[in-house]
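Numbering (this note's numbering), first residue to last: 36 to 395. For glycine and all other residues, C-beta sits at the position ideal for the given N, C-alpha and C. Since the structure is predicted, the reported quantities are computational estimates derived from the model, not experimental observations.
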Ligand SMILES: Cc1ncc(COP(=O)(O)O)c(C=O)c1O
C-alpha cells in the first residue's frame, strides 16, 4: 500500500497512526462487539468517547472552566450565521475584519442580521497581508469583533491576537486550530470546521464563554441556539459520532506528540523549509507579506504560469497531490497541517528544486 503525500486544504491528511487505530477498531470497539458508527450516542460506550475527546481538547488548549466545548454540525459556514444569531444580544452591529475569502463569507452572512462594520481590510493588496491593529476602527457598541485567524485560501495568518477590550473577540480558527498554543481566555468564541487539523468533515467545534449563551434572536431555530447544545452536552440530537471519535484519536495523537507547543515547533520547521526555498527561488513566488505568512497553507506561483499543469502532473507522478491553488487565486497551494510529516515538505521542496533546475 502506498499512501500519497496529500497537500489538500481540507478534508486534509490525517495522522497515519490514527487511521490505523480506527481501522483496527472498526468492527469491534474495545470489546463492545460494534463499530463506533453503530453505537447509540446515548450509550455508555459512546458517551465515554465523547467525554474523553472533550477532556483531551480542554487539556490541549487549556480551556478555562467557564467555557463550553460544543460538538456541532453544519461546518464553519453555519457558524457564520449562528454567531450573529446568538451573539448580537440586543445590539445592532458587529465589527468584522476582512482578510479574504472566508472573512468575506462571514461578513456576507452577518449582514443578514445586523449592521456590519468592516473595521479593517486587506483588499487593497489583494488580501496578501493581515491588517495591523493600529489601523482598526473598532466600535465600542459592537456586539463582538470577528476575525479569521488563518485565511486558508490566501495563506495569510494572524501571528498575534487582536485586542477587543470589553467586546467579545470571535475567531474563525478553522485552518489553524491546534497548530500552536492559544490563550482561550482572550476570546469570547472560537470555532472551527474539523476537516483540517481536527478530523473528518462533518464535525464543527465551538469553544464559547458561558456568559455569551442564551440570548438568541427571536425565532432562531432550536438547532442554531448554542444554549440547546450547551445544555445537552452536544447531544440534543444525534451528533456526528464517528467524527467525534476520530477527533478524539487526533487529540490523543497530539498529546502523545508533545501537545500544542510541539506542534508549533514542527509546523514552524516545516513552513520555514518551504518559505526559505521560495525566497531564494527565481522561479517560484510567494505572494504573501513575510510577517503574515501562514504556517498551514502556503500559496505560491510559478513565474511561467503556462507550466502549472506540468508542475502538477510531475508532482502527482511523485505521489504528491492536491497542490493546485484555489480557483479564486490560481497558482499552487501546499497545505501543511499538523499531520503533514516534515518528510512530505522535504519531498515537495526537492521536487520544486528539480523543476526549477529544468525549467527556470
Ligand atoms: C477559514 C475557513 N473558514 C470557514 C470554512 C468553511 O468551512 P466548512 O466547509 O466547514 O463550512 C473554511 C473551509 O475550508 C475555512 O478554511
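Residues that residue i bridges to, as DSSP identifies them
| i | result |
| --- | --- |
| residue 49 | DSSP lists no partner for residue 49. |
| residue 244 | 102 |
| residue 179 | According to DSSP, residue 179 bridges with nothing at all. |
| residue 150 | 128 |
| residue 40 | 355 |
| residue 159 | Per DSSP, none; premise fails for residue 159. |
| residue 191 | 186 and 328 |
| residue 319 | 337 |
| residue 239 | 107 and 228 |
| residue 211 | Paired residue(s): none; residue 211 is not in a bridge. |
| residue 133 | 156 |
Host beta strand (DSSP E) of residue i (start-end)
| i | result |
| --- | --- |
| residue 107 | 102-107 |
| residue 226 | 224-228 |
| residue 204 | 204-207 |
Proximity test, residue i beta-carbon vs ligand 1 heavy atom, cut-off 7 Å
| i | result |
| --- | --- |
| residue 363 | no |
| residue 110 | yes |
| residue 133 | no |
| residue 163 | no |
| residue 45 | yes |
| residue 157 | no |
| residue 185 | yes |
| residue 239 | yes |
| residue 210 | yes |
| residue 195 | no |
| residue 228 | yes |
| residue 327 | no |
| residue 288 | no |
| residue 137 | yes |
| residue 207 | yes |
Segment limits, alpha helix (DSSP H) that includes residue i
| i | result |
| --- | --- |
| residue 265 | 261-266 |
| residue 113 | 110-122 |
| residue 145 | 136-145 |
| residue 198 | Counting along the chain, residue 198 falls outside any alpha helix (DSSP H), and DSSP gives it neither H nor E. |
| residue 381 | 377-394 |
| residue 285 | 276-291 |
Cβ of residue i within 8 Å of any chain B Cβ
| i | result |
| --- | --- |
| residue 80 | No chain B is part of this structure, which consists of one protein chain only. |
Check: residue i C-beta below 7 Å from any heavy atom of ligand 2
| i | result |
| --- | --- |
| residue 366 | Absent from the structure shown: ligand 2. Ligands present: ligand 1. |
Check your understanding: Which full runs of the beta strand (DSSP E) of 3+ residues lie inside the segment 328-372, going along the chain?
Key -> 332-337 and 367-370
Review point. Taking one C-beta from the segment 37-53 and one from the segment 364-371 each time, how about it: are there three or more such pairs within less than 8 Å?
Key: yes
Review point. So does the segment 205-213 actually touch the segment 227-244, counting three or more Cβ pairs closer than 8 Å?
Key: In short, these stretches touch, since the Cβ pair count reaches three.
Review point. Taking one C-beta from the segment 343-363 and one from the segment 375-395 each time, how about it: are there three or more such pairs within less than 8 Å?
Key: yes
Review point. Quick check: the segment 190-205 against the segment 250-261, are there 3 or more CB pairs under 8 Å?
Key: no
Exercise for review: Scan the segment 51-82 and note each continuous beta strand (DSSP E) run of 3 residues or more that stays entirely inside, going in chain order.
Suggested key: none
Check your understanding: Are there three or more Cβ pairs, one per stretch, closer than 8 Å when the segment 156-163 is compared with the segment 96-113?
Key -> no
Check your understanding: If we count Cβ pairs, one from each stretch, closer than 8 Å, do we get three or more for the segment 132-140 versus the segment 176-196?
Key -> yes
Point to revise | Contact the segment 311-320 vs the segment 332-342: 3+ CB pairs below 8 Å | key: yes
Point to revise | Cβ contact (3+ pairs, closer than 8 Å) linking the segment 259-266 and the segment 289-307 | key: no
Review point. Counting pairs of Cβ atoms below 8 Å between the segment 73-88 and the segment 268-281, do you hit three or more?
Key: yes
Practice item. Would you check if the segment 285-294 and the segment 108-127 touch, i.e. whether three or more CB-CB distances between them fall below 8 Å? Key: no
Point to revise | Contact the segment 214-228 vs the segment 88-100: 3+ CB pairs below 8 Å | key: The answer is yes - the segment 88-100 touches the segment 214-228, with three or more Cβ pairs under 8 Å.
Review point. Taking three-plus beta-carbon pairs below 8 Å as touching, is the segment 237-247 in contact with the segment 322-330?
Key: They do not touch, by the three-pair rule.
**Study point:** Validate contact between the segment 164-172 and the segment 185-193 using beta carbons, cut 8 Å, 3 pairs
**Key:** yes
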